[in-house]
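Position one of the sequence shown corresponds to residue 1 (our numbering), numbered consecutively onward.
All C-beta atoms, glycine included, are put in the ideal place defined by N, C-alpha and C.
Report on one structure; see the data block that follows.
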Amino acid sequence: MKVPRLAAIAVLLAPIPFAGAAEPAGAAQVHAVFAHGHLRVYECCSFLSPSHTEIVDFSKHLVLTHARPTEHFWVKGCAGDQARGELRVDLRLTESEEVVTKARLKLYEGSTCDNLDLDGADSRSTVTGEGQSRRLLFEVWNDEFHSNDTATADFTVGQNPGAPPEPSNLVAGRVPGNSGKISLDWVDQATDETGYEILNTSTGQIARLAPDSSHTFWYQPIVYRTCFQVRAVNAQGSSSWTPVSPTAECV
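Here it is in structure tokens:
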């Protein structure tokens with residue numbers, strides 16, 4: 001049965017101030033949203049074959065800001081190569097700092113998992129403020145003769161206190177005339193960070209910098225290719241690494 005599946009410290013100089021572009025404070029206010037739950041798809045039996053059940057657990061973590069106020073995700077599962085459940089969840093941050101969640105579960109049933117025969121749908125919505133969570137339950141069924149297929153979903157969505165947004169545009173380069181000195185620059189996108197971390201992904205070394213940093217130097221002789229990532233941190237957690245790939249920014 002084919003089932004779709006959804007999913008050492010380095011020694012540095014003190015940071016040198018750098019005038020990097022940043023979002024306005026309101027735009028950079030971070031809302032960390034989580035959604036944890038499962039999708040269950042049941043394909044009923046026939047005279048010649050048994051029933052099948054597919055359960056897809058999911059745990060999503062997304063970040064919303066007023067500069068990027070919307071996100072969405074899908075969860076899909078297929079049972080018995082015939083019954084397919086699809087859950088789409090849309091999230092929107094409002095001006096009042098609440099998150100509106102709208103979700104829709106669809107059940108498809110046919111001779112293959114990629115069929116387009118829609119048998120039913122169920123929609124739900126909720127609103128959560130900071131520190132709040134809500135549970136959403138869905139059920140869709142096909143009551144055709146000898147085709148009692150169902151799709152159900154059960155998940156909790158809510159807001160955690162926010163980690164800072166990730167920095168952007170990390171640029172690494174050797175300093176002319178000093179090949180052992182690497183210059184690192186990035187754009188500081190956060191307003192509530194307590195510091196920054198630079199990761200040398202080639203060696204695993206991490207350097208910790210003060211808040212509002214957007215430039216520093218790393219000292220390392222040219223012995224092999226060296227790559228870097230940067231992230232913002234605060235008491236609530238850390239942002240994603242920039243760039244996403246650990247080998248995207250190298251010297």
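**Study point:** Beta-carbon proximity check, T101 vs V89, cutoff 9 Å
**Key:** In this structure, V89 lies closer than 9 Å to T101 by Cβ.
Check your understanding: Is T191 helix, strand or coil when you go by DSSP?
Key -> Assigned with DSSP and collapsed to three states, T191 falls in coil, not helix or strand.
Review point. D119 and E109: beta carbons closer than 9 Å?
Key: Going by C-beta atoms, D119 is nearer than 9 Å to E109.
Practice item. Quick one: using the 10 Å Cβ neighbour count with 16 as the cut-off for buried, is A210 buried or exposed? Key: Under a 10 Å Cβ-count criterion, A210 is classified as exposed, with fewer than 16 other Cβ atoms of the shown protein chains found around its own Cβ.
Review point. Buried or exposed: R5, going by 16 or more other Cβ atoms within 10 Å of its Cβ?
Key: Since pLDDT at R5 reaches only 36, below the 50 mark, its modelled position is unreliable, and the value read off the structure follows with that caveat. Counting Cβ neighbours within 10 Å, R5 comes out exposed, since fewer than 16 surround it.
Check your understanding: Taking C-beta to C-beta, are L91 and V140 nearer than 9 Å?
Key -> Contact: no.
**Study point:** Given A35 as reference, the closest of K106, F73, H52, P167 once Cα atoms are compared
**Key:** The shortest C-alpha separation from A35 is found at F73.
**Study point:** When V63, K76, R104, D81 are compared against C45, the one with the closest alpha-carbon
**Key:** Looking only at V63, K76, R104, D81, the smallest Cα-Cα distance to C45 is reached by D81.
Practice item. Kindly list the residues whose CB is nearer than 7 Å to the CB of A79, restricted to its own chain and excluding five residues on each side of it in sequence; keep chain order. Key: Excluding residues within five positions, the ones whose Cβ falls inside 7 Å are V41, Y42, E43, H52, T53, E54.
Review point. Are S213 and Y196 touching if we call contact CB-CB under 9 Å?
Key: For the 9 Å CB-CB criterion, S213 and Y196 form a contact.
Practice item. Look at the alpha carbon of Q256 and the alpha carbon of F58, and state the distance between them as a whole number of angstroms. Key: Given a span of 1 to 251 for the chain in the structure shown, any question on residue 256 remains unanswerable.
Review point. By Cβ distance below 6 Å, which residues in the same chain neighbour L199 in space, the five residues on each side in sequence not counted?
Key: These residues qualify, in order along the chain: I206, Q229.
Practice item. Output yes or no for whether 9 Å exceeds the beta carbon distance between N160 and G129. Key: Taking 9 Å as the Cβ cut-off, N160 and G129 do not qualify as a contacting pair.
Point to revise | Entirely enclosed alpha helix (DSSP H) segments - the segment 112-161, minimum 4 residues | key: Taking only runs of at least 4 residues, no alpha helix (DSSP H) segment lies wholly in the segment 112-161.
Point to revise | Euclidean distance between Cα positions of C227 and Q189 | key: The straight-line gap from Cα to Cα measures roughly 21 Å.
Exercise for review: Please report how far the alpha carbon of L137 lies from the alpha carbon of W241, in whole angstroms.
Suggested key: Approximately 34 Å, taken between the alpha carbons.
**Study point:** Close beta carbons around A83, own chain, < 6 Å, minus the five adjacent residues each side
**Key:** Contacts found: V41, E43, E109, D149.
Point to revise | Proximal residues to R135 (C-beta, below 7 Å), its chain only, five neighbours per side dropped | key: Non-local beta-carbon contacts of R135 in its own chain, meaning distances under 7 Å to residues more than five positions away in sequence, involve T156 in chain order.
Check your understanding: If you run the structure through DSSP and keep just helix, strand and coil, what is I206?
Key -> In the three-state reduction of the DSSP assignment, I206 falls in the strand class.
**Study point:** Beta carbon of I222 nearer than 9 Å to that of G177
**Key:** No, Cβ-Cβ distance for I222 and G177 is not below 9 Å.
**Study point:** Own chain, CB closer than 8 Å to L170, minus 5 neighbours either side, in chain order
**Key:** Within the same chain, and ignoring the five residues on either side of L170 in sequence, the residues whose Cβ sits closer than 8 Å to its Cβ are L184, D185, W186, F228, Q229, V230, T242, P243, E249.
Check your understanding: Hey, H66 and E95: beta-carbon distance below 9 Å or not?
Key -> Against a cut-off of 9 Å, the Cβ pair of E95 and H66 comes out as a contact.
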